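Novice:
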Amino acid sequence: MESVNIETKDDILQRHRNEKKDMQCKIQSMKKSVAKGDRKKKKEVAEQTAEIEAKLKHKHLEELSTFTEENEEPSLIKSLQEVKINDTTTKVSRAEKRRSKKITQLKERQALIEEHDIQNIGGTRHIETQTLVKKLKNLGFVIFDIPSDGNCLYSAIVHQLKEVCGQTFTVSEIRLKTSDFIKCNKDDFIPYLSHPDTGEMLTDQQFIEYCYQVANSVQWGGEIELRALSHIFKIPIKVIQAEGSDITIGIEYTSCNKVLTLVFHRHMNELRFYLLVLILVSSTSSYQNILLHSITGIVSKNNFSYYTLQNRGYISIILISEEGDADLYVSQPHISHHPTFDPDTYCLQSTTCGTDILHIPKCEKFKRPIYLGIYGHPSYEITSYTLDIIQNSNPGEEFNLNLFDSEEGNETQSINNDEDNDEINEKAEQVIDLFGIPLQSIWNFISIIIQVLFL
6 MESVNIETKD DILQRHRNEK KDMQCKIQSM KKSVAKGDRK KKKEVAEQTA
56 EIEAKLKHKH LEELSTFTEE NEEPSLIKSL QEVKINDTTT KVSRAEKRRS
106 KKITQLKERQ ALIEEHDIQN IGGTRHIETQ TLVKKLKNLG FVIFDIPSDG
156 NCLYSAIVHQ LKEVCGQTFT VSEIRLKTSD FIKCNKDDFI PYLSHPDTGE
206 MLTDQQFIEY CYQVANSVQW GGEIELRALS HIFKIPIKVI QAEGSDITIG
256 IEYTSCNKVL TLVFHRHMNE LRFYLLVLIL VSSTSSYQNI LLHSITGIVS
306 KNNFSYYTLQ NRGYISIILI SEEGDADLYV SQPHISHHPT FDPDTYCLQS
356 TTCGTDILHI PKCEKFKRPI YLGIYGHPSY EITSYTLDII QNSNPGEEFN
406 LNLFDSEEGN ETQSINNDED NDEINEKAEQ VIDLFGIPLQ SIWNFISIII
456 QVLFL
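Structure, rendered in structure tokens:
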């Protein structure tokens, strides 16, 4: 008897997301095929894409409606059958309600982000992100995301001061220092400050209010605040952007041989809560960035490749889909050893149509080992990818990497003999040398052990 594969609601929703992503890729391909100035063809393509979107939307609504109708009655009967009369009723605590509400909100937010990512394929944000990732990788930087809560610029400065200068401040302290400096140097700053409604230069009272907001609110910071901060700490601040030349504020302080580096992301999706500033940690910081390993692999559609990381420090995981599309899922030991797109099996995920980046905190905040799942999108028979593991910590921390593939029939032996280890060491030295990090001082403390296993 032939077995029937029954889809759950989560399966249907995941398939719908995949189909939407495929549709957007197809639409972008159709739009790119239109020659510049060909208005007739452009109009035809617009009509075709609108029809494709409408048909897919109608199909998805019908499938969800059918699923609900087919499962509503049996579910009700089952629930009635399971009802038992008890003298005592279980109360749900307030803490449990809050946790449940938070989980629901996170799932809704993630769905919103995924929907926006699908719609944005080929859009300005996606293009800018890809440009920045390539540019920063060539410079040897690692991106550190900052929430866009109004304090993003100040949070970025706090992080960079600690990494580059070894100085520790809070956001409130940085805001107060900035406000006081602008207030004490009114003549230098007020010509560049204007009222947002009238465009006129600020009055004395408005200037006082502006300084108060800088110190006591979550008002966004900009070039004025960066100039003040550069003078306060007597250090240049470099702002990297995808479009146009990079900007350096405080060039008069270049003799200090240290630079705070930020990234300006003009089109970042605000749903992700990191809109304006991304911190860059470079090899000039008090902690060094080490490319622990760069893995090139392939995964077939609807399958997973699994990795296990034992690293104890702060690490960044960068997954670049070279051909096709791979998604990244991360889990902790108490959740699952094999994270998938099922929300119950992962705690972090990145499912863009290009480069996926996730940052893992130190072990006291994120239990080790860390389990990674790389999913091959069903639209592509084979997806090839590069997985970079980067550490920002003191050298000397152990790093273990195990690889598993969910496909059957593929098996290789563990890499643990001396000859293989020599080859690994040689490759790792070449990789680290690209970052300009002194090899001898680092390599004496680092041992990279790689075991490759395919299920």
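Here my numbering = 1-based position in the sequence shown + 5. Backbone N, C-alpha and C define an ideal beta-carbon position, used for all residues, glycine too. Since we're looking at a predicted model, the values are computed, not measured.
1) Which of the three DSSP states, helix, strand or coil, is assigned to Phe186?
2) Quick one: grab the DSSP three-state call for Asp347.
3) Alpha carbon to alpha carbon, how far is Phe146 from Leu265?
4) So what's His21 in DSSP terms, helix, strand or just coil?
5) Helix, strand or coil for Leu198? Go by DSSP, reduced to three states.
6) Leu392 and Ile300 look like a contact to me (Cβ under 8 Å); what is the Cβ gap, rounded to whole Å?
7) Is it true that the CB of Leu297 sits closer than 8 Å to the CB of Ile379?
8) Under 8 Å: do the segment 343-360 and the segment 319-332 share three or more Cβ pairs, one atom per stretch?
9) Confirm, please, whether the CB-CB distance from Ala233 to Ile187 is below 8 Å.
10) Sort out for me which residues DSSP pairs Ile240 with in a bridge.
11) Could you tell me the distance, in whole angstroms, from the CA atom of Arg277 to the CA atom of Ile303?
12) Kindly identify the DSSP beta-bridge partner or partners of Thr301.
13) Do you know how far the Cα of Glu58 is from the Cα of Lys46?
14) Once you ignore the five residues that flank Pro241 on each side, which residues in its own chain have a CB closer than 7 Å to its CB?
15) Taking a contact to mean a Cβ-Cβ separation below 8 Å, would you say Lys461 touches Phe212 in this structure?
16) Mapping DSSP to helix, strand and coil, what is Thr33?
17) Find out if the Cβ-Cβ distance for the pair Ile320, Thr360 is shorter than 8 Å.
18) Are Ile179 and Ile151 closer than 8 Å when you measure CB to CB?
19) Give the single residue among Leu377, Leu66, Lys36 and Ser177 whose Cα lies nearest to the Cα of Thr345.
20) Figure out for me which residue from Val39, Lys36 and Ser305 has the closest Cα to the Cα of Thr388.
Specialist: To lay it out plainly:
1) Residue state, collapsed to three classes: helix.
2) Assigned with DSSP and collapsed to three states, Asp347 falls in coil, not helix or strand.
3) Each residue's alpha carbon lies about 12 Å from the other.
4) In the displayed model, His21 falls within a helix according to three-state DSSP.
5) It is coil, neither helix nor strand.
6) Rounded to whole angstroms, the Cβ separation of Leu392 and Ile300 is 4 Å, and the two are in contact under 8 Å.
7) Contact flag unset, no.
8) Between the segment 343-360 and the segment 319-332 there are three or more inter-stretch CB-CB distances shorter than 8 Å, so the stretches are counted as touching.
9) Yes.
10) Answer is none; Ile240 lacks a bridge partner.
11) Any answer about Arg277 is weak, because its pLDDT of 32 lies below 50 and its placement is not dependable; what the coordinates show is given next. Distance between the alpha carbons of Arg277 and Ile303: 28 Å.
12) Thr391.
13) Pairing Lys46 with Glu58, the inter-Cα distance amounts to about 18 Å.
14) Here the set comprises Ser235, Thr253, Ile254, Gly255, Ile256, Tyr258, Thr259 and Val264.
15) Residue 461 lies beyond the residue range present for the chain, which begins at 6 and ends at 460; the question has no answer from this structure.
16) What sits at residue 33 in the sequence shown is Gln, not Thr. Three-state result, Gln33: helix.
17) In this structure, Thr360 does not lie closer than 8 Å to Ile320 by Cβ.
18) The criterion of a C-beta distance shorter than 8 Å is not satisfied by Ile179 and Ile151.
19) Answer by Cα proximity: Leu377.
20) That would be Ser305, whose Cα lies nearest to the Cα of Thr388.
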